[in-house]
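What follows is a set of notes on a single structure, which appears directly below.
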Amino acid sequence: METISNVLFWISNGLLVPDIVLLILLFIKSLLLVGGFFGQYIGIRRTGKLVHDEMEKLEASGVEEFRKKLPQKSGMAVIEYATKIIAAADNRPLKDRLLSEFEIYADKDMAWSRYLAKLGPMLGLMGTLIPMGPALVGLSTGDIGSMAYNMQVAFATTVVGMVSAAIGYFTEQVKQRWYLRDLTSLQYLADILDPVQTAASASETPVPARSRRPSRPAAPLGRSEREMPAKDGGKAE
Numbered sequence: 001m002e003t004i005s006n007v008l009f010w011i012s013n014g015l016l017v018p019d020i021v022l023l024i025l026l027f028i029k030s031l032l033l034v035g036g037f038f039g040q041y042i043g044i045r046r047t048g049k050l051v052h053d054e055m056e057k058l059e060a061s062g063v064e065e066f067r068k069k070l071p072q073k074s075g076m077a078v079i080e081y082a083t084k085i086i087a088a089a090d091n092r093p094l095k096d097r098l099l100s101e102f103e104i105y106a107d108k109d110m111a112w113s114r115y116l117a118k119l120g121p122m123l124g125l126m127g128t129l130i131p132m133g134p135a136l137v138g139l140s141t142g143d144i145g146s147m148a149y150n151m152q153v154a155f156a157t158t159v160v161g162m163v164s165a166a167i168g169y170f171t172e173q174v175k176q177r178w179y180l181r182d183l184t185s186l187q188y189l190a191d192i193l194d195p196v197q198t199a200a201s202a203s204e205t206p207v208p209a210r211s212r213r214p215s216r217p218a219a220p221l222g223r224s225e226r227e228m229p230a231k232d233g234g235k236a237e
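For the sequence shown, UniProt numbering begins at 1 and goes up steadily by one.
Okay, here's the thing in structure tokens:
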């Protein structure tokens, strides 16, 4: 039993250095994610709000004018996909494919936010528990310096992991709302460009419910009805 415990102790201590390295990498990635998130926020404030405001009052007749208002080099995915959808106005399967590609793009962009939100607490907890063993050993042997060092490592890894997770969770929630609004606008744009739906909505006129039902022709009078004898016992005339 002591041998098994020593093996587990060696494995856990060996995982401390990789855990710290991964936490440092996650923290660096979270800082880069904050920078990209801030740049995306500035782009939405400049052009994204204008695009969504135009789409709210957009009709099929004003699509060409709306396309001319779109900036050529904005760096925003919603503008890029809106241009592609307008170019594929008469191709419904291609528009559906572009909408699916936008969903894949949004999911890929939010992937690192999800990774940080989930891996940050895991690695932080590992970095907390692993040094606790040597710290307890130092406490039992009276080595206060070793115990203080291990406790310092434990608390530092916890803080770094939680900060990375907080950044990931916050950016994921905000980006999810952004991309949901973008997807709704692109779906509306694809629908108003549908030639079948647009033509049907333009030419459709209300028809009374009575006129929609086909008139049933009267059944011909059968021979048995024509030659039916009188009920009063007389002969048919």
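Idealized CB from N, CA, C, for every residue including glycine.
Would you tell me roughly how many angstroms separate the C-alpha atoms of Ser201 and Asp191, rounded to the nearest one? Residue placement at Ser201 is flagged as unreliable, the pLDDT there being 47, under the threshold of 50; a coordinate-derived value is accordingly withheld.
CB-CB under 7 Å to Val160, same chain, minus the five flanking residues each way: which ones, in chain order? Leu23, Phe27 and Gly124
What residue ranges within the stretch 64-95 form continuous alpha helix (DSSP H) runs of no fewer than 4 residues, ordered along the chain? As far as the stretch 64-95 is concerned, its whole alpha helix (DSSP H) runs of at least 4 residues are 77-87.
Label Tyr81 either buried or exposed according to how many other C-beta atoms from any shown protein chain fall within 10 Å of its C-beta, with 16 as the threshold for buried. buried
By the three-class DSSP mapping on this structure, what secondary structure does Leu25 have? helix
Using alpha carbons as the reference points, say which of Val78, Lys175, Ala135 and Gly168 lies closest to Leu50. Val78
Which residue's Cα is closest to the Cα of Asp53: Leu193, Asp194 and Thr184? Thr184
Leu135 vs Ala156 beta-carbon contact at 9 Å: For the record, residue 135 in the displayed sequence is Ala; it is not Leu. The answer is no: Cβ separation not under 9 Å.
Which whole-angstrom value describes the C-beta separation of Asp19 and Met126, a residue pair presumed to lie in contact below a C-beta threshold of 8 Å? Asp19 to Met126, Cβ: 5 Å. Contact.
Contact between the stretch 53-70 and the stretch 83-99 (3+ Cβ pairs under 8 Å): yes
How is the alpha helix (DSSP H) around Asp191 delimited, first residue to last? For Asp191, the enclosing alpha helix (DSSP H) starts and ends at Ile144 to Ile192.
Can you list, in chain order, the residues of its chain with a C-beta nearer than 7 Å to that of Asp109? Leave out the 5 residues immediately preceding and following it. Lys175
With DSSP as the reference, label Leu15 as helix, strand or coil. Here Leu15 sits in coil by DSSP.
If Ala60 sits next to Leu193, beta carbons under 8 Å apart, how far is it from one beta carbon to the other, in whole angstroms? 7 Å
Met126 lies in the alpha helix (DSSP H); which residues open and close that run? Ala111 to Thr141
When you compare the CB positions of Leu129 and Ser12, do they come within less than 9 Å of one another, or not? yes
Simplified DSSP assignment, three categories, for residue 256: Examination of residue 256 is not possible in this model, given that the chain is present from 1 through 237 alone.
Suppose the cutoff is 7 Å on Cβ atoms and the five residues either side in sequence are ignored; what does the same chain contact list for Met147 look like? Ala135, Gly138 and Leu139
Using C-beta distances below 7 Å, list every residue in its chain close to Pro121, excluding the 5 sequence neighbours before and after it, in chain order. Close CB contacts of Pro121 within its chain, under the 7 Å cut and outside five residues either way in sequence, are with Gly161, Met162 and Ala165 (chain order).
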